[in-house]
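**Student:**
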Amino acid sequence: MGVEPVTVIDKVAFIRCAGDAAGKERFAGYSSCDEARNKGFISGECKYGCIGLGSCIERCKFDAMSLEDGIVKIDKEKCNGCGACIGMCPQEIIVMIPKEATNFIPCASKNDEETTRKICGSGCIGCGDCEEVCPQNAITIVDNCAVIDYEKCVGCVACTVKCRKKIIVDELHDLTKVKENVAFVRCRGGKKANAKFKALGVETCADASKIRNEAMDLCQVGCVGLGACTKVCRFDAISIVDGTANVDPEKCVGCLDCVAACPNELIVEVPYVGSKLVACISTYDCDEKLRVCGEGCIGCGDCASNCPNGAITIKDLHAVIDTTLCENCSVCSYMCSRTALVEMVVPEANYLQRKALGI
1 MGVEPVTVID KVAFIRCAGD AAGKERFAGY SSCDEARNKG FISGECKYGC
51 IGLGSCIERC KFDAMSLEDG IVKIDKEKCN GCGACIGMCP QEIIVMIPKE
101 ATNFIPCASK NDEETTRKIC GSGCIGCGDC EEVCPQNAIT IVDNCAVIDY
151 EKCVGCVACT VKCRKKIIVD ELHDLTKVKE NVAFVRCRGG KKANAKFKAL
201 GVETCADASK IRNEAMDLCQ VGCVGLGACT KVCRFDAISI VDGTANVDPE
251 KCVGCLDCVA ACPNELIVEV PYVGSKLVAC ISTYDCDEKL RVCGEGCIGC
301 GDCASNCPNG AITIKDLHAV IDTTLCENCS VCSYMCSRTA LVEMVVPEAN
351 YLQRKALGI
């Protein structure tokens with residue numbers, strides 16, 4: 001009758017927070033989110049996140065919301081998009097999104113990058129990488145936080161891969177597969193230092209770094225294995241092996257929270273490609289390295305002189321590998337008299353998936 005047809009889009013509720021930095025542990029005994037919010041937040045807490053007391057759950061008549069380990073979960077199949085929960089959230093972080101959406105940014109923080117990295121492993125740092133690579137211009141940075149325009153979003157993989165913190169939820173792609181870079185610990189010889197500091201009762205990497213000195217007969221730049229990095233990893237990708245932090249590249253998604261956590265700057269970002277890497281940054285001379293560590297690179301140059309691709313150089317008394325030139329031929333590994341050379345193994349399935357996605 002002259003009326004244009006209107007496309008009806010099924011919508012569901014979505015909570016813009018996946019972290020626990022909004023005082024959830026401190027507020028555990030309060031009766032409602034509103035009561036907790038009125039008490040105020042303290043230093044080190046995110047004042048923009050989910051408080052986790054579940055006031056929204058009480059309002060839901062469709063059993064679509066539940067509380068799991070302090071995180072409010074929404075069942076998309078049960079949610080009918082009534083929006084009743086929105087008015088119950090004093091933080092105003094519940095929004096309606098298309099039910100068919102597959103990409104989500106669970107953060108509403110307005111904090112700057114430095115603050116977010118300190119208080120929440122699940123927070124957006126507002127770097128803008130996702131906004132820059134989105135082919136549909138569907139993402140914008142608003143008050144230090146990325147926001148998706150679902151009228152433009154087509155559910156591609158671009159933002160998921162480029163997100164530095166790997167906080168963008170993607171229901172179609174496995175973050176542990178579609179990644180460009182992973183973390184790597186440039187040390188394999190932390191066993192001696194780890195045992196020493198544990199015997200002294202030292203509990204943190206930062207404290208160990210403050211008191212470490214040459215009189216202890218230890219490497220002054222290596223890993224101490226007290227787990228500052230393991231505590232911040234959300235993907236269970238780092239473990240302490242023989243007193244040394246070790247990254248599982250298959251589990252690592254390249255968020256680099258561990259890089260910021262390491263007081264010795266031992267953890268770096270490396271390309272997720274099949275290649276050799278040098279697990280040592282010591283610039284001490286050969287005799288000193290031999291004395292304090294049985295694993296580190298002594299800068300002998302055997303690997304560099306025998307590399308058929310010229311991918312290895314000796315810099316500051318230790319080997320450096322150019323991963324863009326390395327073909328993972330293993331000649332260097334055969335020549336190395338130590339265990340400083342580590343192979344980055346990438347499953348063939350990863351290459352196939354990345355090729356299929358065009359990345």
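Just so we're aligned, residue 1 is where the sequence shown starts under the UniProt record's numbering, counting upward by one. Every residue gets a Cβ at the ideal spot worked out from N, C-alpha and C, and that includes glycine. None of these values were measured; they are calculated from a predicted model.
#1: Taking K162 as the reference, which of V178, V147, R186 and L172 has the closest Cα?
#2: With residue 360 as the anchor, note down where its alpha helix (DSSP H) starts and where it stops.
#3: Work out the CA separation of A146 and I57 for me, nearest whole Å.
#4: Among G190, G274 and A279, which has the Cα closest to the Cα of I240?
#5: Give the straight-line distance between the Cα atoms of A228 and T102, rounded to the nearest whole angstrom.
#6: Look at the Cβ atom of C297, then the Cβ atom of V278, and state whether they are nearer than 8 angstroms.
#7: Give the list of continuous alpha helix (DSSP H) stretches no shorter than 4 residues that lie fully inside the stretch 8-62.
#8: Excluding the 5 residues flanking L67 on each side, which residues of the same chain have their C-beta closer than 8 angstroms to its C-beta?
#9: List the endpoints of the continuous alpha helix (DSSP H) containing V161.
#10: Would A340 be called buried (16 or more neighbouring beta carbons within 10 Å of its own) or exposed?
#11: Would you please state the rounded distance, in angstroms, between the beta carbons of C124 and I93? I believe it to be under 8 angstroms.
#12: Could you compute how far the alpha carbon of V6 sits from the alpha carbon of V12?
#13: DSSP beta-bridge partners for C145?
#14: When the Cα atoms are used, what is the spatial distance from G49 to D257?
#15: I'd like to confirm the pairing. Which residues does DSSP put opposite M65 in its beta bridges?
**Tutor:** So, from the listed chains and residues:
#1: Against the sequence shown, residue 162 aligns to sequence position 162. It is V178 whose Cα lies nearest to the Cα of K162.
#2: Because the chain is modelled from 1 through 359, residue 360 falls outside the range shown and cannot be assessed.
#3: For the purposes of this step, residue 57 is taken as residue 57 along the sequence shown, with counting starting at 1. For the purposes of this step, residue 146 is taken as residue 146 along the sequence shown, with counting starting at 1. Between I57 and A146, the alpha-carbon positions lie close to 26 angstroms from each other.
#4: Mapped onto the sequence shown, residue 240 falls at position 240. Of the listed residues, the one whose Cα sits closest to I240 is G190.
#5: Residue numbering aside, residue 228 sits at position 228 when the sequence shown is read from its first letter. Residue numbering aside, residue 102 sits at position 102 when the sequence shown is read from its first letter. Rounded to whole angstroms, A228 to T102 spans 33 angstroms at the Cα level.
#6: Counting from 1 along the sequence shown, the entry for residue 297 is found at position 297. Counting from 1 along the sequence shown, the entry for residue 278 is found at position 278. Their beta carbons are under 8 angstroms apart, which means C297 touches V278 by this criterion.
#7: Runs of the alpha helix (DSSP H) inside the stretch 8-62: 33-39 and 55-59.
#8: Working through the sequence shown from its first residue, we reach residue 67 at position 67. Counting only residues of its own chain and dropping the five nearest sequence neighbours on each side, L67 has a CB closer than 8 angstroms to the CB of G52, G54, I57 and K73.
#9: Along the sequence shown, read from residue 1 onward, the residue named residue 161 stands at position 161. Where V161 is concerned, the enclosing alpha helix (DSSP H) starts and stops at A158 to K162.
#10: Reading the sequence shown from its first residue, position 340 is the one you call residue 340. Counting Cβ neighbours within 10 Å, A340 comes out buried, since at least 16 surround it.
#11: Position 124 of the sequence shown, counting from 1, holds the residue named residue 124. Position 93 of the sequence shown, counting from 1, holds the residue named residue 93. The beta-carbon distance between C124 and I93, rounded to whole angstroms, is 12 angstroms. This is too long to meet the 8 angstroms contact definition.
#12: As a working note, residue 6 is residue 6 in the sequence shown. As a working note, residue 12 is residue 12 in the sequence shown. Low confidence applies to V6: its pLDDT is 46, below 50, so where it sits in the model is not reliable enough to give any reading.
#13: On the sequence shown, residue 145 is found 145 positions in, with the first residue counted as 1. In DSSP, C145 forms a bridge with V142.
#14: In the sequence shown, residue 49 corresponds to position 49, counting from 1. In the sequence shown, residue 257 corresponds to position 257, counting from 1. Their backbone Cα atoms lie some 19 angstroms apart in a straight line.
#15: Here residue 65 refers to the residue found at position 65 when the sequence shown is read from its first residue. Partner residues in the beta bridge of M65, as assigned by DSSP, are I74.
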